[in-house]
Ligand SMILES: NC(=O)c1ccc[n+]([C@@H]2O[C@H](COP(=O)([O-])OP(=O)(O)OC[C@H]3O[C@@H](n4cnc5c(N)ncnc54)[C@H](OP(=O)(O)O)[C@@H]3O)[C@@H](O)[C@H]2O)c1
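In the numbering used here, the protein residues as written are 884 to 1235.
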């Protein structure tokens, strides 16, 4: 496969997809960036890059997806329906995955690369994680080789799971948590996720394989909250475990305290009971990387000082910030309270 072929990024308006486009462009790939809303794609900093083509497509529309996939050598599948389909997301994601393999078979795609969630045992997985695994299985049953990467929480500004942690910790002196506090997880820095995604495209040996991807540390959610507290230089947070707090109540609580709605928080809160740890480490041999530890990943995401400096220089140095910061076009909740205040202040300085 030529390193200058055209690659389709489905979900290019989303958190991972929008950052992946930057990385692919820097490697010389031509990119077809697809999402449902052209406006959202146009808000991204790479929208006018000469090697980018913007395409509005809905993966639930089979014909549109087939057209969108034509003339591309590979496709990234970075789509989920949590926001768009509400409670029916599992069925929508099933249908979308079926459409994808059908479109791939007709359009001459040579590869699909899918990023899903860690966790295998369907009986014990939350509905959301089960649905992510199911999408991987549906895609894998098609004719075109699929590489599936499975990840736990991605650490970076704009990643919804990280933003929930940030808002809860920043806003509440006392955290009331359910039993999941001791569940183990292996979070991964967004930079490493992008390196793996790009590495898979450029390494044909990864075609048709499923890999677990994670950072170097396995931590409990309690441990993660403590690292966040230290890196964000917060006063000590009291973390109180309440065994009767159900995922639904947790979701309402998140809705009340943070800008993230209960309908998105619920599937994520439900998944917190599932251990998300890599069981297979083959990816480290296929794509050797310097893995960023959990503390460093959080530090990179929170680097307000560097962010302000970058904002100041960005007109000269190009429009795309590092992957771990908020990005032009990210949802309004991305970046937390401090970042939003900083943006308002920088805006008032520039317009004053
Ligand atoms: N963020 C994490 O912590 C994390 C962790 C592990 C795995 N992952 C996986 O990474 C992948 C990407 O996640 P993300 O965090 O980047 O999600 P995200 O920011 O919510 O982006 C989701 C993308 O899906 C697109 N989409 C939804 N429904 C669509 C449809 N019917 N047709 C076309 N596009 C549609 C959205 O486009 P619109 O702009 O049109 O809505 C958006 O671009 C997912 O598979 C997720 O499970 C994420």
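Glycine included, each C-beta is placed from N, C-alpha and C at the ideal position.
Counted within 10 angstroms of its Cβ, other Cβ atoms place residue i as buried (16 or more) or exposed
{"i": "residue 1129", "result": "exposed"}
{"i": "residue 1086", "result": "exposed"}
{"i": "residue 1081", "result": "buried"}
{"i": "residue 1157", "result": "buried"}
{"i": "residue 1227", "result": "exposed"}
{"i": "residue 1232", "result": "exposed"}
{"i": "residue 1164", "result": "exposed"}
{"i": "residue 1004", "result": "exposed"}
{"i": "residue 892", "result": "buried"}
{"i": "residue 1215", "result": "exposed"}
{"i": "residue 1154", "result": "buried"}
{"i": "residue 1207", "result": "buried"}
{"i": "residue 920", "result": "exposed"}
{"i": "residue 942", "result": "buried"}
{"i": "residue 1150", "result": "buried"}
{"i": "residue 1136", "result": "buried"}
{"i": "residue 966", "result": "exposed"}
Within 7 Å, strictly: CB atoms of residue i and residue j
{"i": "residue 1114", "j": "residue 1038", "result": "no"}
{"i": "residue 914", "j": "residue 935", "result": "yes"}
{"i": "residue 1094", "j": "residue 1166", "result": "yes"}
{"i": "residue 1041", "j": "residue 1071", "result": "no"}
{"i": "residue 1204", "j": "residue 1193", "result": "yes"}
{"i": "residue 1021", "j": "residue 975", "result": "no"}
{"i": "residue 949", "j": "residue 999", "result": "no"}
{"i": "residue 1001", "j": "residue 1159", "result": "yes"}
{"i": "residue 1058", "j": "residue 1131", "result": "no"}
Same chain only: Cβ atoms within 7 Å of residue i, ignoring 5 sequence neighbours per side
{"i": "residue 1250", "result": "The question about residue 1250 has no answer here: the residues shown for the chain are numbered 884 through 1235."}
Any non-hydrogen atom of ligand 1 within 6 Å of residue i CB
{"i": "residue 963", "result": "yes"}
{"i": "residue 899", "result": "yes"}
{"i": "residue 943", "result": "yes"}
{"i": "residue 1098", "result": "no"}
{"i": "residue 896", "result": "yes"}
{"i": "residue 1071", "result": "no"}
{"i": "residue 918", "result": "yes"}
{"i": "residue 998", "result": "yes"}
{"i": "residue 1237", "result": "The structure shown has nothing for residue 1237, since the chain only spans 884 to 1235."}
{"i": "residue 990", "result": "no"}
{"i": "residue 1015", "result": "yes"}
Residues near residue i in its chain [Cβ-Cβ closer than 8 Å; skip 5 each side]
{"i": "residue 1172", "result": "1075, 1078, 1079 and 1082"}
{"i": "residue 1027", "result": "984, 987, 988, 992, 993, 994 and 995"}
{"i": "residue 1219", "result": "1040, 1046, 1049, 1050 and 1053"}
{"i": "residue 1222", "result": "1040, 1187, 1190 and 1209"}
{"i": "residue 944", "result": "982"}
{"i": "residue 978", "result": "943"}
{"i": "residue 890", "result": "907, 912, 913, 914, 915, 955, 956, 957, 958, 959 and 1084"}
Residues bridged to residue i (per DSSP)
{"i": "residue 1111", "result": "Residue 1111 pairs with nothing; no bridge assigned."}
{"i": "residue 996", "result": "959 and 1030"}
{"i": "residue 1060", "result": "1124"}
{"i": "residue 1190", "result": "According to DSSP, which records beta bridges pairwise, residue 1190 is partnered with nothing at all."}
Proximal residues to residue i (C-beta, below 6 Å), its chain only, five neighbours per side dropped
{"i": "residue 1100", "result": "1176 and 1177"}
{"i": "residue 884", "result": "With a pLDDT of 43 at residue 884, under the threshold of 50, the modelled position of that residue is not reliable, and the figure given next carries that caveat. So the list reads 956, once near-sequence residues are dropped."}
{"i": "residue 1062", "result": "1126"}
{"i": "residue 926", "result": "1212"}
{"i": "residue 1145", "result": "1134, 1135 and 1138"}
Test: residue i CB closer than 7 Å to a CB of chain D
{"i": "residue 896", "result": "Among the chains of the structure shown, chain D does not appear; only one protein chain is present."}
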